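A short worksheet on the structure shown next.
2 protein chains.
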Amino acid sequence: MKSQTYSSLHDVFLLKLQSLYDIESEIIKALPKMIKRATYPELKSGFEDHLEVTKMQKERLEDVFDELGEKSKKVSVDAIRGLIKDVSWLLQQKMTPEARDASLIAAAQYIEHYEIAGYGTALAWAEEMGHDTIADMLQETLDEERQADETLTVLAEHAMNEKALQPMIND
Amino acid sequence: MKSQTYSSLHDVFLLKLQSLYDIESEIIKALPKMIKRATYPELKSGFEDHLEVTKMQKERLEDVFDELGEKSKKVSVDAIRGLIKDVSWLLQQKMTPEARDASLIAAAQYIEHYEIAGYGTALAWAEEMGHDTIADMLQETLDEERQADETLTVLAEHAMNEKALQPMIND
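From first to last, the protein sequence lines are chains A and B. Position 7 of the first sequence, counting from 1, maps to 1466 under my numbering, and the rest follow consecutively. Position 91 of the second sequence, counting from 1, maps to 1550 under my numbering, and the rest follow consecutively.
Structure (C-alpha cells):
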C-alpha cells in the first residue's frame, strides 16, 4: 500500500477494517477445504453454515466501508495466511478421521478467536469515535464469531462424548 | 517432523503441546521489539511483565512434557510467525506514537486470543484424558492469558481516555 502516516484513530481504524476485509476473504477461500475434509457430519454442516455467515460478514464490512464513505479495500494480513497454512499442514498429515476432526475443530477455534480479537478492537475504536451505526454492525459480527466459537466447543464435546472421537481417547 | 499417523487423542494433544511450545518461544523472541517501540509507559511495562510471564509459561510447558514422560519439542507454527510478521509490518509504518501504541495493543490482543484458543483446546483434551495435574497447569496459563487480554483492554481504555491517545480521536 502507498506510504502514509497513520496519525488519527480513524487511520488505524480504517487499516483494521482493511485487514478484516482481507481476513474474511481468506477464510472464505479456506473453508471449502475444511468442509471437504471434515468427517463428523455435525462438523461438516457447521463449517458449511459458517461459510455462509462469513460471506455475509464480508458483505457487512463492505457496508461499513460505505458508511464511512471509503472504498472497500484489503490490506494483506500474514497471520490469517499462517493460520490457514497450519490447517493445510494438518490436512497433509496421516490422521484417522477422528484425529483430523478434533484437529480441524481446534484449528477453527484458533481462527474464531483471532477474529474475535480483531472485531473486538474494531468495535472499541468505532465506539470511541462515536460511529454508532458501524459499532452496531461490528457488534453483530462479533456476536456471530463468539457464537461460532461456542458452537465449536459444544461440537467438540459432542464428538468426544458421543461417537466420533470416543474410540481415540483410550487408544 | 517424521511421518507418523495421528490416531489417538494423546497424539493430537502432544502435537498441540509441541505447537504451543513453539508459539511461546516465538513470542519470547518478538516481545522485546514490541517493548522497545511502545511509547505509553503502562504499555511498555505491561509488555515487560508479559515477557516474564511468557518465559514462565514456556517452562510450565516443559513441566507438562515431563509429566507426560515426553521430551520438550517444537513443531513450527506458521500462524504465530504470521502474527509476528504483521507486528513487524506495523512497526515499519509511519505512525505517530499514539497510533503505534493503539496498533501494538491491538496486535498483542490478537496474539493473546490466539493463545487463549490454543490453551483452551489443550485444556479440554487434558481433561478428557483425565490428566488432572496437567489440566491444572494448562488452566493456570489459560487464566494468565485471559488476564493479559483484560489488562490490554483496560490499558487501551486508559490510553484512550486519559492522555496518550486522546489527541488522535478528533484528528
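All C-beta atoms in this analysis are idealised placements derived from N, C-alpha and C, irrespective of residue type, glycine included. This structure is a prediction, so every number in the text was calculated from the model and none was measured.
- Between the alpha carbons of residue 1485(B) and residue 1568(A) lies a distance of about 20 angstroms.
- Within chain B, the residues whose beta carbon sits less than 7 angstroms from that of residue 1615(A) are 1583, listed in sequence order.
- Closer than 8 angstroms at the C-beta level to chain B, one finds these residues of the stretch 1522-1556 of chain A: 1536, 1537, 1538, 1539, 1540, 1541, 1542, 1544, 1545, 1548, 1552, 1553, 1554 and 1555.
- Under the 8 angstroms criterion on CB atoms, residue 1577(A) is classed as interfacial with respect to chain B.
- Contact between residue 1550(A) and residue 1488(A) does not hold, since the beta-carbon distance rounds to 14 angstroms and is not under 8 angstroms.
- Only buried fits residue 1604(B), as 16 or more other CB atoms lie within 10 angstroms of its CB.
- Think of a sphere of 8 angstroms around the beta carbon of residue 1475(B): the chain A residues whose beta carbon falls inside it are 1565, in chain order.
- With respect to the 8 angstroms criterion, residue 1566(B) and residue 1545(B) are classified as neighbours on the basis of their beta carbons.
- Residue 1498(A) carries a coil assignment under DSSP once its states are collapsed to helix, strand and coil.
- Contact of residue 1580(A) with chain B by beta-carbon distance below 7 angstroms involves 1565 and 1568.
- Within chain B, 1471 have C-beta atoms less than 7 angstroms from the C-beta of residue 1562(A), given in sequence order.
- The stretch 1532-1581 of chain B contains, as complete alpha helix (DSSP H) runs of 4+ residues, the segments 1537-1551 (chain order).
- Separation of the CB atoms of residue 1585(B) and residue 1575(B) is rounded to 15 angstroms, and the pair is thereby denied contact status at 8 angstroms.
- Taking a C-beta distance under 8 angstroms as the contact criterion, residue 1618(A) and residue 1499(A) qualify as a contact pair.
- At a C-beta separation below 7 angstroms, residue 1619(B) has these neighbours in chain A: 1587.
- Contact check for residue 1601(B) and residue 1579(B): beta-carbon distance about 6 angstroms, within the 8 angstroms limit, so the pair qualifies.
- Chain A places no beta carbon closer than 8 angstroms to that of residue 1594(B), leaving this residue out of the contacts.
- Chain-ordered listing is empty here: chain B has no CB closer than 8 angstroms to the CB of residue 1490(A), the nearest sitting near 16 angstroms.
- In terms of Cβ geometry, residue 1476(A) and residue 1523(A) form a close pair [threshold 8 angstroms].
- Under the Cβ criterion of 8 angstroms, residue 1499(B) is not counted among the residues facing chain A.
- Its chain contains 1519 as the residues whose beta carbon lies nearer than 8 angstroms to that of residue 1599(B), once the 5 sequence neighbours on both sides are disregarded; these appear in chain order.
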